[in-house]
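Heads up, the thing below is written out as structure tokens.
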Amino acid sequence: MAWLKEFPSLGSDALGEIRRTVDGAFRGFTREHGEMMERLFDPLRDFLLASERLLTQSPWPFVVGGIALIAWLASRSLKIVVGTVITLLLIGFFGMWGDTMKTISMIFVCTVVALVVGLPLGIAMSRWDRLQRVINPTLDVMQTMPSFVYLIPVVMLLGIGRVPGLIAVVIYAIPPVIRFTNLGIRLVDKDLLEAADAFGSSTWQKMHQVQLPLALPTIMAGVNQTIMLSLAMVVIASMIGVQGLGQPVLKAISNQYFTMGIFNGLAIVGIAIIFDRVSQAYGKRLQRHLEVVHG
Amino acid sequence: MTYTPHLPLAVLTSALALSACGKKEEAASAAAVAPEAAVAQACGKVTVANMNWQSAEVLAHIDNIILSKGYGCEVELVPGDTMPTLTAMMEKGQPDVAPEAWINAVRQPLDAAVKEGKLHYAAESLKDGGVEGWWIPKYVADANPSIKTIDDALKHPELFPSAENKGKGAVHNCPSGWNCQLTTVNAFKAWGAAKQGFVLLDTGSAAGLDGSIAKAYERKQGWLGYYWAPTSILGKYEMVKLDAGYPHDKEAFETCNAKAECDKPVKTDWARAEVFTVVTDRFQKAGGPAVDYLKQRAWGNETVNALLAWMSANQATGADGAAHFLKTQPEVWSGWVSPEVAEKVKASL
Numbered sequence: 298m299a300w301l302k303e304f305p306s307l308g309s310d311a312l313g314e315i316r317r318t319v320d321g322a323f324r325g326f327t328r329e330h331g332e333m334m335e336r337l338f339d340p341l342r343d344f345l346l347a348s349e350r351l352l353t354q355s356p357w358p359f360v361v362g363g364i365a366l367i368a369w370l371a372s373r374s375l376k377i378v379v380g381t382v383i384t385l386l387l388i389g390f391f392g393m394w395g396d397t398m399k400t401i402s403m404i405f406v407c408t409v410v411a412l413v414v415g416l417p418l419g420i421a422m423s424r425w426d427r428l429q430r431v432i433n434p435t436l437d438v439m440q441t442m443p444s445f446v447y448l449i450p451v452v453m454l455l456g457i458g459r460v461p462g463l464i465a466v467v468i469y470a471i472p473p474v475i476r477f478t479n480l481g482i483r484l485v486d487k488d489l490l491e492a493a494d495a496f497g498s499s500t501w502q503k504m505h506q507v508q509l510p511l512a513l514p515t516i517m518a519g520v521n522q523t524i525m526l527s528l529a530m531v532v533i534a535s536m537i538g539v540q541g542l543g544q545p546v547l548k549a550i551s552n553q554y555f556t557m558g559i560f561n562g563l564a565i566v567g568i569a570i571i572f573d574r575v576s577q578a579y580g581k582r583l584q585r586h587l588e589v590v591h592g
Numbered sequence: 013m014t015y016t017p018h019l020p021l022a023v024l025t026s027a028l029a030l031s032a033c034g035k036k037e038e039a040a041s042a043a044a045v046a047p048e049a050a051v052a053q054a055c056g057k058v059t060v061a062n063m064n065w066q067s068a069e070v071l072a073h074i075d076n077i078i079l080s081k082g083y084g085c086e087v088e089l090v091p092g093d094t095m096p097t098l099t100a101m102m103e104k105g106q107p108d109v110a111p112e113a114w115i116n117a118v119r120q121p122l123d124a125a126v127k128e129g130k131l132h133y134a135a136e137s138l139k140d141g142g143v144e145g146w147w148i149p150k151y152v153a154d155a156n157p158s159i160k161t162i163d164d165a166l167k168h169p170e171l172f173p174s175a176e177n178k179g180k181g182a183v184h185n186c187p188s189g190w191n192c193q194l195t196t197v198n199a200f201k202a203w204g205a206a207k208q209g210f211v212l213l214d215t216g217s218a219a220g221l222d223g224s225i226a227k228a229y230e231r232k233q234g235w236l237g238y239y240w241a242p243t244s245i246l247g248k249y250e251m252v253k254l255d256a257g258y259p260h261d262k263e264a265f266e267t268c269n270a271k272a273e274c275d276k277p278v279k280t281d282w283a284r285a286e287v288f289t290v291v292t293d294r295f296q297k298a299g300g301p302a303v304d305y306l307k308q309r310a311w312g313n314e315t316v317n318a319l320l321a322w323m324s325a326n327q328a329t330g331a332d333g334a335a336h337f338l339k340t341q342p343e344v345w346s347g348w349v350s351p352e353v354a355e356k357v358k359a360s361l
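Listed in order, the protein sequences are those of chains A and B.
Numbering-wise (the numbering used here), the first sequence opens with residue 298 and increments by one.
Numbering-wise (the numbering used here), the second sequence opens with residue 13 and increments by one.
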């Protein structure tokens, strides 16, 4: 009855063989194609560097003013703008300006990339059920797979630094955009689509002028979630050399610098709240605007 | 490093260790067999810190096997890291044994604790000590025989290009929050590397640092940065340590180079790190012959590198590595224990 007590598994030899083969194949791949993969991501790297330079090298009053302006345009709420400015000033006052700007720039680029990749995927998913059946489980894997499992291969391919960090963040943060876009479009009232059909709209016109605008508030909720998730990845990303608030948090963790950890943690929370309130207010405004139009 | 007691963490670590002990107790009373219980009396329960790097992990597992099979101790391995574990040992007397404590960074508080009698040094686990410094891959050293010292390397930023800063060289920093991060930052300053066209690249974690070496090596690219021996990475990827070109300046190193607030760091070699086994006073008194083993157990870097390289090649865990070592190199370890104990350990493998 030995087979009852011990799970029938591949022997350690076979398992070792599997590991060595897969690892060897991956190493071969890095040697062959690493250079090309790196070139492929060059534009992204330049985008990351440019956005970081813009935020870290502009004089701070401009940066604060710029962020406040964006907050105002998106939310039209004085309360949110004042809160944003106060949070930024406090962060700067406590000496975390540089790191915070690096983190904001990273989050900004990650969100843009997530949108550029996620929106079309979400739209495609809403149109083809079969695609939805493939993408949904993939998104589940992306959200649950421990990050370091795919971080190390990415580091082997692309080295350490911002680009692999961005990939890790986007993998973790992109699912909400895709899911909510899909959902938002699917939730659009069938009657409205029928009306659009009656007016003789083409598929493109329906998507562009009916479905997407009506789905926008839902999509904004997805964007909001994506931003929050990317902020959650800041510390993980810093473990492969992404600069920003994650680095001091790591330092604080391994040395038990309690205060330093709290300060930097709170700065992350601060930006999270700014991003959250602004994007939520924008989503709400979109909805109100639509209600007026449709009476 | 200035030392402040980190109480919350110490409490947490010891609480974990204690709760683990509680479980062991039940198991032990259930499985009490007369002759073994008599031996266990002499050694009792012992918690061994299983530090989170490879050489320490193997050593902890070797201690686990020898102490439990050879001396009948009830061994519990608890995860650890230099600062948290040693702090917990000083403050709370738990865990009992740190098999591979790199004591340079914590020497002041540790010496104080030893003087007070709370802790004791046992064997110098790594006979050759730990070596720290800046390393380059062997193929770079072979292609550029003129590069021998850190100064030589810093003359060639083009050989160690940074991906994110065009036209600059990169020095890979030690992981965030480790003590070597401070010494590397200060060395970077002392050698004026920035002026010579280098940037200091934060690697974030050991995984990041190792990954950057692996990537450079697979693609035969330039790499310059902090590393230390004995490590499996150095067994796997042949690297050459750059000569600092200056002797170790103990005074300057301890007062400035190893601190965060250091205005004028000087060019100095890293100290040969002393790596000791540290035991608590409780175990020193209660452990009996098991403590004598911990006072004997020391191995050289060559042995360790070879073992770590075997582990990497086979993707072996610390436990696998320990078993492999005990099976294949009895000539190294049988000197650490009495012949009877050696027999018991051999019989258990």
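Note that beta-carbon positions come from the ideal geometry of N, C-alpha and C, so glycine has one too.
query: What does Asn-326/B touch in chain A if you count any residue whose Cβ is under 7 Å from its own?; result: Gly-313
query: Taking Ile-524/A and Ile-404/A to be in contact with their CB atoms under 8 Å, please state how far apart those CB atoms are, rounded to whole angstroms.; result: 6 Å
query: Within 10 angstroms of the Cβ of Pro-169/B, are there 16 or more other Cβ atoms? Answer buried if so, exposed if not.; result: buried
query: Does the beta carbon of Gln-544/A come closer than 7 Å to any beta carbon on chain B?; result: yes
query: Tell me the DSSP secondary structure of Tyr-469/A in three-state form.; result: helix
query: For Gly-189/B, return the contacting residues in chain A, with the cut-off set at a CB-CB distance below 8 Å.; result: Leu-547, Lys-548, Ala-549, Ile-550, Ser-551, Asn-552
query: Hey, quick one: how far does the beta strand (DSSP E) through Thr-381/A stretch, first residue to last?; result: Looking at the DSSP string, Thr-381/A is not in any beta strand (DSSP E); the run it does join, the alpha helix (DSSP H), is 375-390.
query: Taking the Cβ atom as the reference point for each residue, do Cys-365/B and Tyr-238/B lie within a distance shorter than 7 Å?; result: Beyond the ends of chain B as shown, which are 13 and 361, falls residue 365/B; an answer cannot be given.
query: Could you name each continuous alpha helix (DSSP H) segment of 4 residues or more that falls completely within the region 169-255 of chain B, going from the start of the chain to the end?; result: 191-202, 218-230, 244-248
query: Rounding to the nearest angstrom, what Cα-Cα distance links Leu-171/B and Val-211/B in this structure?; result: 13 Å
query: Which value, in whole angstroms, describes the spacing of the CA atoms of Trp-369/A and Ile-420/A?; result: 29 Å
query: Mapping the DSSP letters down to three states, classify Glu-314/A as helix, strand or coil.; result: helix
query: Name the chain A residues that come within less than 8 Å of Met-95/B, Cβ to Cβ?; result: Ser-551, Asn-552, Gln-553
query: Are the C-beta of Gly-363/A and some C-beta of chain B separated by less than 7 Å?; result: no
query: Helix, strand or coil: how does DSSP classify His-260/B here?; result: coil
query: Do we get a CB-CB distance below 7 Å when we pair Asp-9/B with the residues of chain A?; result: Coverage of chain B is limited to positions 13 through 361, which leaves residue 9/B absent and any answer about it impossible.
query: Decide yes or no for the touch test of the region 373-390 of chain A against the region 349-364 of chain A: beta carbon pairs closer than 8 Å, at least 3 of them.; result: yes
query: Do you know whose CA, among Asp-486/A, Leu-454/A, Pro-443/A, lies nearest Ile-468/A's CA?; result: Pro-443/A
query: Taking the continuous beta strand (DSSP E) assigned at Trp-146/B, which residues delimit it?; result: 143-149
query: Exposed or buried, Phe-200/B, counting other C-beta atoms within 10 Å across all chains shown (16 or more means buried)?; result: buried
query: Mind listing which residues of the region 475-498 of chain A have their C-beta closer than 8 Å to chain B's C-betas, in chain order?; result: none
query: Name the chain A residues whose beta carbon is nearer than 8 Å to that of Glu-144/B?; result: Neighbours of Glu-144/B on chain A: none; closest Cβ ~17 Å, over 8 Å.
query: In whole angstroms, what separates the C-alpha of Ile-162/B from that of Leu-436/A?; result: 47 Å
query: Mind checking which residues open and close the alpha helix (DSSP H) that includes Ala-100/B?; result: 94-104
query: Is the beta carbon of Ser-244/B closer than 7 Å to that of Ser-324/B?; result: yes
query: Taking Cβ-Cβ distances below 9 Å as the criterion, which residues of the region 346-359 of chain A are in contact with chain B?; result: Leu-346
query: When the Cα atoms are used, what is the spatial distance from Trp-235/B to Gly-562/A?; result: 33 Å
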